[in-house]
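Participant: Pasting a structure here, questions to come.
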Amino acid sequence: MRPDRPEAPFGRRETEVTDSHRDGGYRVFTLRDELGPEPIPGQFYMLANAPDWPATTGRPYLPRAISFARSDSGDSGITLDFIIHEVGPGTTALAGLAEGDRCWLAGPFGRPFSIPDQVKAGSHGAILVGGGIGIAPIAAFRRRLVEAGVPSRTLLGFRDVEHSGGIDDFFGCEQVGLAFEDGSRGHHGHVTDLLATMLAGDDTGGAVVYSCGPPGLLEKVRQMCAEGGVSCELALESPMACGFGACFGCAVPKPDGSYLRLCVDGAVVRGDEISSAAPGEIQ
Amino acid sequence: MRPDRPEAPFGRRETEVTDSHRDGGYRVFTLRDELGPEPIPGQFYMLANAPDWPATTGRPYLPRAISFARSDSGDSGITLDFIIHEVGPGTTALAGLAEGDRCWLAGPFGRPFSIPDQVKAGSHGAILVGGGIGIAPIAAFRRRLVEAGVPSRTLLGFRDVEHSGGIDDFFGCEQVGLAFEDGSRGHHGHVTDLLATMLAGDDTGGAVVYSCGPPGLLEKVRQMCAEGGVSCELALESPMACGFGACFGCAVPKPDGSYLRLCVDGAVVRGDEISSAAPGEIQ
Amino acid sequence: MSRLRTSLCGIELESPVLNGSGTYDALVARDVFGDPFIRQFPFAAFVSKTITLAPRVGNPPNRLWETPSGMINSIGLPNPGLDTFLERDLPRLSELPVPLVVSVMADSGEDFARLVSEVADSGRASAIELNVSCPNVHSGLIVGEQPTETEALMGILRPLTKIPLIVKLTPNVAAPEEVARAAEAGGADGISMINTLKAWAADPESGRSWLGAGTGGLSGPAVRPVALAQVRQVSSAVAIPVIGMGGITDGESAFEFIAAGATAVAVGTENFRDPAAGGRISAELERILESRELDSVEQARRSTLT
Amino acid sequence: MSRLRTSLCGIELESPVLNGSGTYDALVARDVFGDPFIRQFPFAAFVSKTITLAPRVGNPPNRLWETPSGMINSIGLPNPGLDTFLERDLPRLSELPVPLVVSVMADSGEDFARLVSEVADSGRASAIELNVSCPNVHSGLIVGEQPTETEALMGILRPLTKIPLIVKLTPNVAAPEEVARAAEAGGADGISMINTLKAWAADPESGRSWLGAGTGGLSGPAVRPVALAQVRQVSSAVAIPVIGMGGITDGESAFEFIAAGATAVAVGTENFRDPAAGGRISAELERILESRELDSVEQARRSTLT
Ligand SMILES: Cc1cc2nc3c(=O)[nH]c(=O)nc-3n(C[C@H](O)[C@H](O)[C@H](O)COP(=O)(O)OP(=O)(O)OC[C@H]3O[C@@H](n4cnc5c(N)ncnc54)[C@H](O)[C@@H]3O)c2cc1C
Ligand SMILES: Cc1cc2nc3c(=O)[nH]c(=O)nc-3n(C[C@H](O)[C@H](O)[C@H](O)COP(=O)(O)OP(=O)(O)OC[C@H]3O[C@@H](n4cnc5c(N)ncnc54)[C@H](O)[C@@H]3O)c2cc1C
Ligand SMILES: Cc1cc2nc3c(=O)[nH]c(=O)nc-3n(C[C@H](O)[C@H](O)[C@H](O)COP(=O)(O)O)c2cc1C
Ligand SMILES: Cc1cc2nc3c(=O)[nH]c(=O)nc-3n(C[C@H](O)[C@H](O)[C@H](O)COP(=O)(O)O)c2cc1C
Ligand code: FES
Ligand code: FES
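Right, here's the structure in full:
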């Protein structure tokens, strides 16, 4: 069963950046969206600094897909927080936005996370697994579960301190399990180690696993869940040109050899809807 | 006889913007060039905000040719003033530079103005005619003539106040003849009216006319000088991709039907070296 | 918007702005954006993605690569195949508030014939666009690269229907005007151009092909100067109308295509950056016509022809 | 710079980075920049602008138009003609610190033959580049668009000299690999590609042609994806080396051409933005080879071929 999703305002719109600050290795910035509906965790927006970007050598040219990490609706519209990991020209330009700047956005787009009961009738809890910049939709979803009174436990993994951020700001008020691959904080190793321990425990029966992070992590989670008979939802990434089903560029292989369009059939998918969460790595 | 020109440092280089302010309808900004030689009035630079510009839709892509309006050499290099008229994406980007920003530059390029004696042996004075943004090289040349002890008189013309600037800053200390097409200041009409009056006077024998401005103005000046038997040098414009003779894009028709390369054979040319200063307008 | 009214192959349009085939999924957009999408429908006619006889899943990822002022795609024409299209999609597409153009492609004259006659017989398409950028399974030649193949194909298809047949040209040829002339000689009602330019990108890590299909097609503002040259060349070679596209992003670039001789224009890649680009471009174009005191697109087109 | 050492058609080069013909005037640059230009000479070999038998003044302005991530030129091959070139320019060009490639063009086999033999006989050129993007005055066909014309031309020129003959391909064809194969069959020692893509721009005021010559050629980063596709196609079709160009701006984009199969690369439009681009790109390319632990350009090229 798919959760309802709000209709996105038709077209793109200009918004104001109301805050931007560094958080660990990431940049967190906030927009005020006066026109949009409240998005549902797992959804994303297509963002650009300007209708044509302030581009270097003609790139960035297309808008970039970014998940929201927090939304609040108030008198002057929806306030949206994004967490950015700078990996190329698009994310670098977005990270350069400062208070008072404008940002162009379309969305919210995509299929959001389902609450546990929608994934598996009668399920009584959620295990959230975020890796790296994948913590963004996990943060939004965790908050939603709290509001809905659904018990959840959160596990977050990072490569090292330079590749981490947002923990205190977005998860600080709650106990989270942390794993750092370089051992600088929390468990010394992978976040999937923590998940394995948790799944091996006897109090997880019926819990649904939700994950977002790098392809390797998602595929590991997918396989662990499949083996353990645990339902899971994964928020995937893929290159996206449009975000609203127009370009067919965001293909992700399905078990039957065909492809789903991640921007409309995802970005959140059930583990059994795809043939792999890391297809590039097994090519 | 062509004046010597300094060699330009090979390649392009990064400079610092040390000031930028609005002046009437124009923007004036200052760079500190630590590597370059002192340029000669009439020369120009190729400028870009960054190696790849901060471009919108892939334009500006090429650097833009801009004359310097003032140069001062000091301990920390050459200080260069530019006056910008915003007419498109390149000039708008340059006008957006603020103190502390970086600007990339190559040059100085091109053939500069000659002093009157070089144009016509024994000539005893100069009449400077600037129109619109064409006042930039005129300002630099006027200063040089003062230093060289060559008497000069200056005539400046503008369409209206919105299309004017730099008068007080670059010419304030000296008497200049002003013409505004809308009559808002000085003579109500064209700067060539002032030139006609001056050439009709009996004290201009042997003076050389120097002009920079829109094609129509330059062609008018060229014809007036040809008719009056007065020597003139004109600083022309044309689209330029490189500024150093590499692209052959800056062709200006010569009387013999061939073309000169404006960036190396100009941008300052003698009136009789070209077939028209406004070829587009008679095509 | 009366200044924008355009007659294209006998179809009356509110504006000359269409979409490029394969660059908009109107049915999904209806779900994503809701009623405002229908009320502010961005195009004056809707061109479907290219339909083939059998269903296609499309190419393996990666399918996208961003380039300076453009992008490469190797989507591979995923589509449900003719039967499902006719049953499931066509009825819904014909409910859109604008005329429908159905794009079809096949690798033989016989398959093309089935596509054209079944789409025409449905009575729901105002025109059919023939995507000829594909090899003919018999000759091995890409139909749209060969005037003779194009004319032969038109010889098969023209007798099948009276509704307008528009031939979509590939730009990867030395002389597009020869293919256009052949299409016209074979009875085509219009030419649509340009499709994407053959392009390649290296995987930044391995140096091998980034795209799953090896090569792909370049689109966006980067190709606009090439598209304009071809539209100009073709529109002066044939009497049938040309739908110009390739890197249109705004009214100004749409106007450039009209100046080059196009009767109508189509928006492709810009839709990805701005889902409402079609309507914006129509409005911008209207303001340009107004400021130039041109009463119609047709007048604009004629005013620049020498 | 030993990692960058490249052997091209038997010529030993310090690096694989050349200039594109017509995008650098080394004699003027020597005056403008003085000795540092010679000491830091930006290219491993210098390719002259294209020389014709008779002098040419070039096309009327406008000759330039900036496009998204690129530019259109309609320069029209201004050059002093063979005689003045041999007498006045060639001696000075041969004093440059790198091997010289002379680019020539003609509209008949006879004129091409005179150009090739006189340049070869001068003893000052390490190689000759044949610019075949021009119509043959006898057949009316553009030589470089026709495999047969190209092979026939090589049949005339090949016997005239032993120095390497490099054929510069036009990209405005459906199958550049067929022209390349014909050049190879006719005895060419190398292929150089791509020349510019046919392009047009409207005068923003009148809507008519902006360029004095009507149409022009597109270059710069906008064309890079097209150039890469063609270089890849050609280099897998012929055994002779390919000099790849089209939108190279940095070491990374130069590396992409090598990944696509090029033995050497050439920098064109980027020279206009950065007069020292050639040297910068060589240095950047060396760092890329280093970080990938590749000992040579040749090894890089082979490592990405599947
Ligand atoms: C649904 C969704 C949600 C996302 N949420 C977030 C988020 O909350 N925060 C966040 O920081 N990121 C998020 N991302 C990822 C983000 O969209 C990408 O990191 C971004 O698009 C990269 O753009 P760039 O210009 O910075 O980097 P690019 O230069 O585009 O490089 C990123 C990667 O793309 C590939 N690449 C390189 N060059 C090109 C090219 N020319 N064309 C195409 N691909 C290229 C390479 O594999 C490279 O590693 C999300 C992605 C999706 C699909
Ligand atoms: C030697 C020299 C010295 C100069 N000195 C100065 C100076 O001191 N101050 C100053 O403000 N300016 C100066 N200029 C003019 C300045 O270089 C141009 O105004 C600038 O290049 C315009 O760039 P743009 O991007 O702002 O405008 P563009 O968009 O490039 O438009 C400017 C004009 O160029 C044409 N044009 C429009 N689009 C294009 C396109 N895509 N490609 C090519 N042409 C196009 C049109 O005719 C338009 O009116 C000088 C020019 C030269 C040659
Ligand atoms: C993602 C994508 C998918 C496309 N699919 C099709 C298609 O199915 N059929 C077709 O005829 N053209 C297709 N095209 C080509 C476009 O219709 C158009 O001809 C081309 O992109 C140039 O226009 P643009 O630069 O505005 O995008 C596609 C283009 C893109 C970018
Ligand atoms: C201004 C200009 C002039 C050119 N002149 C010539 C020429 O004379 N002969 C030639 O073979 N190619 C000529 N070319 C093509 C270039 O050598 C090169 O093939 C093309 O520009 C693609 O490379 P780029 O994108 O790096 O510029 C010229 C290109 C430009 C931009
Ligand atoms: S991103 Fe365009 S269809 Fe999914
Ligand atoms: S601007 Fe390039 S030669 Fe003059």
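Here the protein sequences line up with chains A, B, C and D, keeping their order.
One gets the numbering used here by counting positions in the first sequence from 1 and adding 1237 to each.
One gets the numbering used here by counting positions in the second sequence from 1 and adding 1237 to each.
One gets the numbering used here by counting positions in the third sequence from 1 and adding 22 to each.
One gets the numbering used here by counting positions in the fourth sequence from 1 and adding 22 to each.
No residue lacks a Cβ here, since even glycine has one placed at the ideal position from N, Cα and C.
Between which residues of its own chain and ALA204(C) is the CB-CB distance below 6 Å, once the five residues before and five after are set aside?
Facilitator: Closer than 6 Å at the Cβ level, and outside the excluded window around ALA204(C), lie PRO169, THR172 and GLU173.
Participant: So, with DSSP's three-state summary, where would you put ASN158(D)?
Facilitator: The answer is coil: DSSP assigns ASN158(D) none of H, G, I, E or B.
Participant: Roughly how many whole angstroms lie between the Cα atoms of GLY42(C) and LEU1299(B)?
Facilitator: Each residue's Cα considered, the two are about 30 Å apart.
Participant: When you measure from the CB of MET7(D) to every non-hydrogen atom of ligand 6, does any distance come out below 6 Å?
Facilitator: The displayed coordinates of chain D run from 23 to 328. Any statement about residue 7(D) would go beyond what the structure contains.
Participant: Given PRO1345(A), which residues of its chain have a CB within under 8 Å of its CB, disregarding the five upstream and five downstream residues?
Facilitator: Contacts found: ARG1242, PRO1243, ALA1245, GLY1273, PRO1274, PRO1276, ILE1277, GLN1280, PHE1281, TYR1282 and PHE1305.
Participant: Starting from the beta carbon of GLY1295(A), find every residue of chain D whose beta carbon is closer than 8 Å, and list them in chain order.
Facilitator: Here the neighbours are PRO90, SER91, PRO243 and ALA244.
Participant: For ASP211(D) and GLY1333(A), what's the separation of their Cα atoms in angstroms?
Facilitator: When rounded, the distance between both Cα atoms is 50 Å.
Participant: Is the distance from the Cβ of VAL260(C) to the Cβ of ALA202(C) below 7 Å?
Facilitator: Yes, the Cβ-Cβ distance between VAL260(C) and ALA202(C) is below 7 Å.
Participant: Would you call the region 153-162 of chain D in contact with the region 127-140 of chain D, where contact means no fewer than 3 C-beta pairs closer than 8 Å?
Facilitator: They touch, by the three-pair rule.
Participant: I need the boundaries of the alpha helix (DSSP H) containing SER313(D), first residue and last residue.
Facilitator: Taken as a continuous stretch (DSSP letters only), the alpha helix (DSSP H) holding SER313(D) covers 299-313.
Participant: Taking only three categories from DSSP, how would you classify LYS1357(A)?
Facilitator: Three-state result, LYS1357(A): coil.
Participant: So that I know if they touch, is there some Cβ in chain B lying closer than 7 Å to that of ILE73(D)?
Facilitator: Not one chain B Cβ lies under 7 Å of ILE73(D).
Participant: My output table needs one value for HIS1400(A): the three-state DSSP class, helix, strand or coil.
Facilitator: HIS1400(A) falls in the helix class under three-state DSSP.
Participant: Distance cutoff 7 Å, beta carbons only. Does PRO100(D) sit that close to anything in chain B?
Facilitator: Interface residue, yes.
Participant: What would DSSP say about ARG1422(B), mapped onto helix, strand or coil?
Facilitator: Three-state result, ARG1422(B): coil.
Participant: Taking the C-alpha atoms as reference points, what is the distance between SER37(D) and ILE310(D)?
Facilitator: Whole-angstrom Cα-Cα distance: 13 Å.
Participant: By a C-beta neighbour count over all protein chains shown, 10 Å radius and 16 as the cutoff for buried, is LEU163(D) buried or exposed?
Facilitator: Looking at its Cβ environment, which holds fewer than 16 other Cβ atoms inside 10 Å, LEU163(D) is exposed.
Participant: So, does the CB of ASP133(D) fall closer than 7 Å to a CB anywhere in chain B?
Facilitator: No, ASP133(D) lies away from the interface with chain B (no Cβ there is under 7 Å from its Cβ).
Participant: Here's the rule: buried if 16 or more other CB atoms are within 10 angstroms of the residue's CB, otherwise exposed. What is THR1203(B)?
Facilitator: This structure cannot settle anything about residue 1203(B), because the visible part of chain B is limited to 1238 through 1520.
Participant: What residues in its chain sit with their C-beta under 6 Å from that of ARG324(D), if we drop five residues either side in the sequence?
Facilitator: Around ARG324(D): no qualifying Cβ.
Participant: Select from the region 160-174 of chain D all residues with a C-beta closer than 8 Å to any C-beta belonging to chain C, and list them in chain order.
Facilitator: Here the close residues are ILE164 and GLU167.
Participant: Using a Cβ-Cβ cut-off of 6 Å (strictly less than) and excluding sequence neighbours within five positions of ALA51(D), which residues of its own chain qualify?
Facilitator: Cβ within range, chain order: PHE59.
Participant: Using only the alpha-carbon positions, how far apart do GLU109(C) and ALA207(D) sit?
Facilitator: In a straight line, the C-alpha of GLU109(C) is about 54 Å away from that of ALA207(D).
Participant: Please confirm if the region 1474-1488 of chain B is in contact with the region 1498-1507 of chain B, defined as three or more CB-CB distances below 8 Å between the two stretches.
Facilitator: Yes, the region 1474-1488 of chain B touches the region 1498-1507 of chain B.
Participant: Can you find a heavy atom of ligand 2 that lies under 6 Å from the Cβ of GLY1327(B)?
Facilitator: Result yes, Cβ under 6 Å from ligand 2.
Participant: Measuring straight from C-alpha to C-alpha, what distance separates LEU17(D) and ILE188(C)?
Facilitator: Since the first residue of chain D shown is 23 and the last is 328, residue 17(D) is not available in this structure.
Participant: Identify whether MET215(D) lies in helix, strand or coil by the three-state DSSP scheme.
Facilitator: Strand at MET215(D).
Participant: Any heavy atom of ligand 2 within a distance shorter than 6 Å of the CB on PHE1281(B)?
Facilitator: Answer for PHE1281(B): yes, Cβ within range of ligand 2.
Participant: Can you have a look at SER148(C) and say buried or exposed, based on whether 16 or more other CB atoms are within 10 angstroms of its CB?
Facilitator: SER148(C) is buried by the Cβ-count criterion.
Participant: Would you say the beta carbon of TRP87(D) is closer than 6 Å to some non-hydrogen atom of ligand 2?
Facilitator: Correct: TRP87(D) has its Cβ closer than 6 Å to ligand 2.
Participant: Would DSSP call THR237(D) helix, strand or coil?
Facilitator: Reduced to three states, the DSSP call for THR237(D) is coil.
Participant: Could you check whether the region 1336-1344 of chain A touches the region 1382-1396 of chain A, counting it as contact only if at least three pairs of C-beta atoms, one from each stretch, sit closer than 8 Å?
Facilitator: Short answer: they don't touch.
Participant: Any chance you could list the alpha helix (DSSP H) runs of at least 4 consecutive residues sitting entirely within the region 49-96 of chain D, in chain order?
Facilitator: 57-61, all fully within the region 49-96 of chain D.
Participant: Whole angstroms are fine: how far does the CA of ARG1390(B) sit from the CA of ARG1380(B)?
Facilitator: The straight-line gap from Cα to Cα measures roughly 12 Å.
Participant: With distance defined between alpha-carbon atoms, name the residue in ALA299(D), GLU274(D) and ARG302(D) nearest to ARG314(D).
Facilitator: Closest option to ARG314(D), Cα to Cα, is GLU274(D).
Participant: Is VAL1324(A) near ligand 8, in the sense that its beta carbon is under 6 Å from a heavy atom of that ligand?
Facilitator: With respect to ligand 8, the structure shown offers nothing to examine, as its ligands consist of ligand 1, ligand 2, ligand 3, ligand 4, ligand 5 and ligand 6.
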